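This report refers to the structure that appears directly beneath it.
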Amino acid sequence: MIRPFQRKERVLMRYSNYFIPTIKETPADAEVISHKLMLRAGMIRKVAAGIYNYLPLGLRAIRKVEQIIREEMNRAGAIELLMPVTTPAELWQESGRWEKYGKELLRFKDRKESEFCMGPTHEETVTDIVRRDVRSYRQLPLTLYQVQTKFRDEIRPRFGLMRGREFIMKDAYSFDVDSEAADLSYEKMFNAYRRIFERCGLNYRAVEADTGSIGGSSSHEFMVLADSGEDAIVSCSLCAYAANMEKAEARQVSTKDHAEPRPLERVATPEKRSIEEVAAFLNAATSSLVKSLVFVADDEPVLALLRGDHDLNEIKLKNLLGCESLELAPDAVVEQVTGAPVGFAGPVGIDVRIVADQTVAGMKNFITGGNEKDVHLKSVNLGRDFTVESFADIRDVVPGDPCPRCIDGIMEIWRGIEVGHVFKLGTKYSESLKATYLDAGGKEQVIVMGCYGIGVGRSVAACIEQNHDKDGIIFPIPIAPFHCIVSAVNAKDEAVMAAAEQIYSRLTAAGVETLLDDRDDRPGSKFKDADLIGIPLRIVVGSKNLVDGKVELKERRSGEVELLSIAEAEAKVRQMVAEALAQ
RNA sequence: CGGGGCGUAGCGCAGCCUGGUAGCGCACCAGACUGGGGGUCUGGUGGUCGCAAGUUCGAAUCUUGUCGCCCCGACCA
Numbered sequence: 230m231i232r233p234f235q236r237k238e239r240v241l242m243r244y245s246n247y248f249i250p251t252i253k254e255t256p257a258d259a260e261v262i263s264h265k266l267m268l269r270a271g272m273i274r275k276v277a278a279g280i281y282n283y284l285p286l287g288l289r290a291i292r293k294v295e296q297i298i299r300e301e302m303n304r305a306g307a308i309e310l311l312m313p314v315t316t317p318a319e320l321w322q323e324s325g326r327w328e329k330y331g332k333e334l335l336r337f338k339d340r341k342e343s344e345f346c347m348g349p350t351h352e353e354t355v356t357d358i359v360r361r362d363v364r365s366y367r368q369l370p371l372t373l374y375q376v377q378t379k380f381r382d383e384i385r386p387r388f389g390l391m392r393g394r395e396f397i398m399k400d401a402y403s404f405d406v407d408s409e410a411a412d413l414s415y416e417k418m419f420n421a422y423r424r425i426f427e428r429c430g431l432n433y434r435a436v437e438a439d440t441g442s443i444g445g446s447s448s449h450e451f452m453v454l455a456d457s458g459e460d461a462i463v464s465c466s467l468c469a470y471a472a473n474m475e476k477a478e479a480r481q482v483s484t485k486d487h488a489e490p491r492p493l494e495r496v497a498t499p500e501k502r503s504i505e506e507v508a509a510f511l512n513a514a515t516s517s518l519v520k521s522l523v524f525v526a527d528d529e530p531v532l533a534l535l536r537g538d539h540d541l542n543e544i545k546l547k548n549l550l551g552c553e554s555l556e557l558a559p560d561a562v563v564e565q566v567t568g569a570p571v572g573f574a575g576p577v578g579i580d581v582r583i584v585a586d587q588t589v590a591g592m593k594n595f596i597t598g599g600n601e602k603d604v605h606l607k608s609v610n611l612g613r614d615f616t617v618e619s620f621a622d623i624r625d626v627v628p629g630d631p632c633p634r635c636i637d638g639i640m641e642i643w644r645g646i647e648v649g650h651v652f653k654l655g656t657k658y659s660e661s662l663k664a665t666y667l668d669a670g671g672k673e674q675v676i677v678m679g680c681y682g683i684g685v686g687r688s689v690a691a692c693i694e695q696n697h698d699k700d701g702i703i704f705p706i707p708i709a710p711f712h713c714i715v716s717a718v719n720a721k722d723e724a725v726m727a728a729a730e731q732i733y734s735r736l737t738a739a740g741v742e743t744l745l746d747d748r749d750d751r752p753g754s755k756f757k758d759a760d761l762i763g764i765p766l767r768i769v770v771g772s773k774n775l776v777d778g779k780v781e782l783k784e785r786r787s788g789e790v791e792l793l794s795i796a797e798a799e800a801k802v803r804q805m806v807a808e809a810l811a812q
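Add 229 to a position in the first sequence, counting from 1, and you land on the number used in our numbering.
This is the structure in C-alpha cells:
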C-alpha cells in the first residue's frame, strides 16, 4: 500500500520502525565478550560456522570503520577499486599458490567445470591488473586498495567476527620501481594505519612480525590489546621495541655458570617425564634442566635443546634450520631416535643433528634425559658429554627478559588481537606473474610490491573487547552506529513525543546521527537496550522534567547524568560529537 | 585431522539412564493493570524432538549411519 503522506515520518530513525533485535540472555555458544555483546545487541546473527549476517546496527559500525579507512587511505594517496570475490584458478596457479595455499582456499567449479576460488586475499588479482596496464616507471608509484569480502575456510572459526570464515577486509597493494621507493610506500601505509586505529579509538601497538611464508623483508602487525587476544606480543618497558611473540628476539643473557664440571651421573627417575616432575623429584630448579625436543624437519629428525623453564619458538627453529616443514616428532620417531619412551630424551650419546638455544651455552652441570626408560642424567656438560651443531635464539621470550634493543628495558608480555598487517612483499608476486615496467633507460624491471590489510569486522569486535561494561557495549563516538539516542520515557505522552521528535530533528540536521526511541515500553527496558547497544550519548525526555523545559543528558561511558535545558543538551551533544570527530 | 560434547518452540534448557498423550523459563500475540533501570496478572500462538534407516504393538528415549554445531589439541594467516 502506498501512503505518500507518511514519507516524512518514515525518514525519522524511529526505534519502533528500525530493526535492532536485542536479546536478554547470553547465547550459549559465544565465548568472548565481543561475540556475546554483538549477538545480544542485535548487530550480527550467525548463518553458518564463521559466517554472519550483519544486521543494521552492526553494519553501521562496520561502515564507520570503513569510512575512516577510506579517508586515511585516500589521504595517503591510495586509490580505491573493487576486485571480484571469485578468482579464476589460473591466476593462482601462475603464482604457485593454488597448490601451496591448502584447504583454507575454498575452491569450486562453474558449470563448464572451470576452476575458481573465493579470494582469501587478492595479490594475484591486483598484480594481474597492474601487469596489464602499467608499462612505464612514469606510472609508478601506485597504491590500490579495496574493501571487500574475503573467504578463508578456517579450520576452526571462532569468537564471532574475530575469526570468521567470511569477513570484510580492507586490502591495499603498493607498486614501486625499487625497494627504496617501496619502503616509502610502506611508511606511508604504516602511518595511515596509525591514524586509522587512533581515530577508531583503539588501544593498540604496532609490533614487528615474522614475515612467514609470504617472505619479504619486513612486516608489522597492528595489535589491539585485549586479554582475549589470540596472539602474544612482547614490548619493552622502556623503549619502543615491540614484537609478535613469534618474532620477538630473546637477548643473550650473560649469566654464565663458572662452576667446575662434576662427573656425569645416572639417576633413576621412575615415571618422571615432564620437566616439572623431574625437577620436583630431583629437588632441582626447572632452570637447571635442559629440555630435549625431537622434531622432524623435512623428514630429518633434529634434537632441539632449551633451558627447562623456557618454551621453544617453532618459527625461530624453522628459520634456523631453513626447512620447509617442521613438526614435533610423533612418539614412534622419538622412541626410534632416543631408544626410550617419550619423556627421557637427552643429547648424550644420540646420533642426530643437535641445535640448542643460546641460553644453554652458558649452562653447566645440568640435568637431561638419559635416552633410557626411567633414567635421567645429572651434571651433564657441553663439549665433554655431547656437542651442539649450532646455538641460536630458538625460544619464546619470557616476562622479565632483557630488551634486545635498549640497556635497561625489561620485556613485558601482552595479549593482542591482530587488526592490521603491513608487509613488504618484494617481488614474489611481480616475478611469478611477470609484472614489470620499463625504467628511464628503457630497461625492463620487476615491480616491487607491498601489501596491507585491515580486518574491518575484527576491528569492530576488538573495539568492543576494549569498550564495554556489565551493561553492554560502550562505543567510541567515531565508530558508534549512532552518536545519540533520544529516549522518550513515556511514548504516549504527546508533549514528550513532540519534544523528543524536535530534539531528534535538530540534532540530525546538525549532523548528529540520532536514534529516536519512540517505543511504548517501560523506561527500564529502553534504558537497558540503550546501554546494551552502546550509543555514547543519551537524551532522556520525561514528562516530569519536561514541565520545567529540562531533559537529561547521560554519557554512556562515565554514567554521568546532567539535567539541562533542551537547548543546552542539544548544544552539548553537538559539541561532544564534533570534538570526537575532529581528529 | 585427533579427542570430548551437544542437536527437543525464536532463545536458554528439562525429559532420554528405566520406551507408553512433549514440558519449563524467556520471547511472541490479545487484554487489563502499570509507567525513570528488562513490572504484574489472565488468556493464547508456536515443536514431523537435526536427518535417515533399524529394533519394537509403540521411539525424543534403544541401535546404526549421516549431517550440523560447540569445546580442547594439532594446523594455518
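Backbone N, C-alpha and C define an ideal beta-carbon position, used for all residues, glycine too.
Predicted model only: the values in this text are computed from it and were never measured.
Tell me which residues share the same chain as V406 and place their Cβ nearer than 6 Å to its Cβ, disregarding the 5 neighbours each side in the sequence. As a working note, residue 406 is residue 177 in the first sequence. Within the same chain, V406 has close Cβ partners Y366, L369.
Given V581, which residues of its chain have a CB within under 7 Å of its CB, disregarding the five upstream and five downstream residues? As a working note, residue 581 is residue 352 in the first sequence. Within the same chain, V581 has close Cβ partners P530, V531, L532, V566.
Distance check for D760 and L268, CA to CA, integer angstroms please. Position 39 of the first sequence holds residue 268. Position 531 of the first sequence holds residue 760. Computed Cα separation, rounded: 14 Å.
Note down, one range per segment and in chain order, each alpha helix (DSSP H) of at least 4 residues found wholly within the segment 307-372. 318-324, 326-329, 352-362
Tell me, which residues are paired with H449 by DSSP? Your numbering for residue 449 matches position 220 in the first sequence. E437, V651, per the DSSP bridge assignment.
Helix, strand or coil at A471 according to DSSP, with G and I counted as helix: Stepping through the first sequence from its first residue, residue 471 is reached at position 242. Residue state, collapsed to three classes: strand.
To the nearest angstrom, report how far apart H264 and I702 are at their CA atoms. Counting from 1 along the first sequence, the entry for residue 264 is found at position 35. Counting from 1 along the first sequence, the entry for residue 702 is found at position 473. If I take the Cα positions, the gap works out to 11 Å.
Separation of R394 from F380, as counted between CA atoms: Position 151 of the first sequence, counted from the first residue, corresponds to residue 380. Position 165 of the first sequence, counted from the first residue, corresponds to residue 394. Spanning the two alpha carbons is a distance of roughly 6 Å.
By Cβ distance below 7 Å, which residues in the same chain neighbour A809 in space, the five residues on each side in sequence not counted? The residue given as residue 809 occupies position 580 in the first sequence. Around A809: I706, P707.
Answer with buried or exposed for H487, where buried requires no fewer than 16 other C-beta atoms within 10 angstroms of its C-beta. Residue numbering aside, residue 487 sits at position 258 when the first sequence is read from its first letter. That one is exposed.
In angstroms, rounded to a whole number, what distance separates the CA positions of G675 and F595? Mapped onto the first sequence, residue 675 falls at position 446. Mapped onto the first sequence, residue 595 falls at position 366. Before going on, a small fix: residue 675 reads as Val here, not Gly. In a straight line, the C-alpha of V675 is about 53 Å away from that of F595.
I579 versus E475: straight-line alpha-carbon distance, rounded: For the purposes of this step, residue 579 is taken as residue 350 along the first sequence, with counting starting at 1. For the purposes of this step, residue 475 is taken as residue 246 along the first sequence, with counting starting at 1. Using only the alpha carbons, I get a separation of about 29 Å.
Taking contact to mean 3 or more Cβ pairs, one atom from each stretch, closer than 8 Å, check whether the segment 706-720 and the segment 737-755 are in contact. yes
Just verifying my parser: in three-state terms, what is the DSSP assignment at A585? Here residue 585 refers to the residue found at position 356 when the first sequence is read from its first residue. Strand, per DSSP.
Is V776 buried or exposed, if buried means 16 or more other CB atoms sit within 10 Å of its CB? The sequence position of residue 776 within the first sequence is 547, counting from 1. Exposed.
Below 7 Å CB to CB, which residues in the same chain sit around D527 once its five sequence neighbours on both sides are set aside? The count along the first sequence starts at 1 and reaches residue 527 at position 298. Result list for D527: C552, E553, S554, in chain order.
Whole angstroms is fine: what's the gap from M302's alpha carbon to S734's? Translated into positions along the first sequence, residue 302 becomes position 73. Translated into positions along the first sequence, residue 734 becomes position 505. Using only the alpha carbons, I get a separation of about 33 Å.
What separation, rounded to the nearest whole angstrom, lies between the Cα atoms of I732 and I298? Position 503 of the first sequence, counted from the first residue, corresponds to residue 732. Position 69 of the first sequence, counted from the first residue, corresponds to residue 298. For I732 and I298, the distance between alpha carbons rounds to 31 Å.
By Cβ distance, which residues of its chain are closer than 6 Å to M230, with the 5 residues on each side in sequence left out? Indexing the first sequence from 1 puts residue 230 at position 1. Summary for M230: the model assigns pLDDT 44, below 50, so the residue's position carries little reliability; its value from the coordinates is reported in the next sentence. Within the same chain, M230 has no close Cβ partners at all.
Are three or more beta carbon pairs between the segment 672-688 and the segment 252-260 nearer than 8 Å? no
I'd like to confirm the pairing. Which residues does DSSP put opposite I280 in its beta bridges? Against the first sequence, residue 280 aligns to sequence position 51. In the DSSP output, where bridge partners are listed per residue, I280 has A277.
Could you tell me if N420 is buried or exposed, where buried requires 16 or more neighbouring beta carbons within 10 angstroms of its beta carbon? The residue you call residue 420 lines up with position 191 of the first sequence. When all chains shown are included, N420 counts as exposed.
Please check the pair D758 and A717, which I expect to be a contact at CB under 8 Å, by giving their CB distance rounded to whole angstroms. Translated into positions along the first sequence, residue 758 becomes position 529. Translated into positions along the first sequence, residue 717 becomes position 488. That pair is no contact at about 13 Å.
Helix, strand or coil at S466 according to DSSP, with G and I counted as helix: Locating residue 466 in the first sequence gives position 237, where the first residue counts as 1. Of the three classes helix, strand and coil, the one that applies to S466 here is coil, per DSSP.
So what does F620 bridge to, in DSSP terms? The residue you call residue 620 lines up with position 391 of the first sequence. BP columns for F620 point to A585.
Beta-carbon gap between V376 and V685 smaller than 8 Å: As a working mapping, residue 376 is identified with position 147 in the first sequence. As a working mapping, residue 685 is identified with position 456 in the first sequence. Cβ distance < 8 Å, so V376 and V685 count as in contact.
Do V725 and V651 count as a contact pair if the criterion is CB distance below 8 Å? Looking up residue 651 in the first sequence gives position 422. Looking up residue 725 in the first sequence gives position 496. In this structure, V725 does not lie closer than 8 Å to V651 by Cβ.
Backbone secondary structure at D560 - three-state DSSP: As a working mapping, residue 560 is identified with position 331 in the first sequence. It is helical.
Tell me the residue span of the alpha helix (DSSP H) that contains M398. Here the question's residue 398 lines up with position 169 in the first sequence. Premise fails: M398 lies in the beta strand (DSSP E), 395-405, not in any alpha helix (DSSP H).
On the DSSP bridge assignment, give the partners of I252 in chain order. Here residue 252 refers to the residue found at position 23 when the first sequence is read from its first residue. Answer is none; I252 lacks a bridge partner.
Check the C-beta distance from A691 over to I646 and give it rounded, since I have them as a contact under 8 Å. Walking along the first sequence from the start, residue 691 turns up at place 462. Walking along the first sequence from the start, residue 646 turns up at place 417. Sure, about 4 Å apart at Cβ, within 8 Å.
Inside the segment 668-708 only - alpha helix (DSSP H) runs reaching at least 4 residues: 685-695
Under a three-way DSSP split, which group does P631 fall into? By 1-based counting over the first sequence, the position of residue 631 is 402. Note: P631 maps to strand in three-state DSSP.
Using only the alpha-carbon positions, how far apart do I544 and E478 sit? One-based indexing of the first sequence puts residue 544 at position 315. One-based indexing of the first sequence puts residue 478 at position 249. For I544 and E478, the distance between alpha carbons rounds to 12 Å.
G537 and V523 closer than 8 Å at C-beta: Translated into the one-based positions of the first sequence, residue 537 becomes position 308. Translated into the one-based positions of the first sequence, residue 523 becomes position 294. It is not a contact, given that the beta carbons lie outside the stated cut-off.
Per DSSP, which residues does S194 bridge with? Please list them. There is no way to answer for residue 194, as the model of the chain reaches only from 230 to 812.
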